[in-house]
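Structure first, commentary second.
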Amino acid sequence: MLTGVRPDGLLGFERRNNRIATLDGGAAIPDFGYSVADRTFDIRWRASDRRIVEMIRRLAKTYSRLIVSTEEGCFIGAPGPFSYSNGEAQIQILVEKRLDQ
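What follows is the structure, given as structure tokens:
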């Protein structure tokens with residue numbers, strides 16, 4: 494449906510870890526691994542076709558989950574913020590799970 498999406502907003506991820514300062518001046522870093530559910534897709538595209546922008550807005554307003562297919566795989570997630578400015582549209586998808594594995 495969307496072409497010309499910038500790939501840099503699709504590849505990022507984080508591990509489930511954090512750093513806690515210890516009394517001896519060091520740090521403890523508990524690591525609970527990686528989950529695809531920690532990812533957020535930041536989808537940006539040059540919005541030259543107003544009909545596509547309106548369709549994406551309608552989908553994000555109407556449905557609590559959207560399916561997103563990328564070169565990496567197929568995912569389901571909740572639509573996050575949507576914005577449109579200076580001919581560029583952006584929507585965030587809070588990934589819930591991967592569907593193709």
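Going by our numbering, the first residue of the sequence shown is number 494, and it counts up by one from there.
Just so you know, even glycine gets a beta-carbon here, dropped at the ideal spot from N, CA and C.
Using only alpha-carbon positions, find the residue among the options that is nearest to residue i.
i: arginine 532; options: Gly580, Glu565 and Val498; result: Glu565
i: glycine 580; options: Ala514, Thr563 and Asp542; result: Asp542
i: glycine 613; options: Val546, Gly502, Gln583 and Ala530; result: Here the chain covers residues 494 to 594 and nothing more, so residue 613 does not appear.
i: isoleucine 584; options: Lys590, Arg539 and Cys567; result: Arg539
i: arginine 550; options: Phe534, Phe575 and Ile522; result: Phe575
i: serine 578; options: Ala553, Ile586, Leu592 and Val546; result: Val546
Let's test the definition: count the other Cβ atoms within 10 Å of the Cβ of residue i and tell me whether it reaches 16, buried, or not, exposed.
i: leucine 504; result: exposed
i: arginine 537; result: buried
i: phenylalanine 506; result: exposed
How would you write the range of the alpha helix (DSSP H) that residue i sits in, first residue to last?
i: arginine 591; result: Not the alpha helix (DSSP H): arginine 591 falls in the beta strand (DSSP E), residues 581-591.
Can you tell me where the beta strand (DSSP E) holding residue i begins and where it ends?
i: valine 561; result: 559-562
Taking 8 Å as the cut-off, is the CB of residue i close to at least one heavy atom of the ligand MG?
i: proline 500; result: What this structure holds is no ligand at all, so the ligand MG is not there to describe.
Just checking, does the segment 548-565 make contact with the segment 523-531 on the three C-beta pairs under 8 Å criterion?
-> Remark: fewer than three beta-carbon pairs, one from each stretch, lie closer than 8 Å, so the segment 548-565 and the segment 523-531 are not flagged as touching.
Beta strand (DSSP E) runs contained entirely in the segment 525-557, provided each spans 3 or more residues | Runs found: 533-539.
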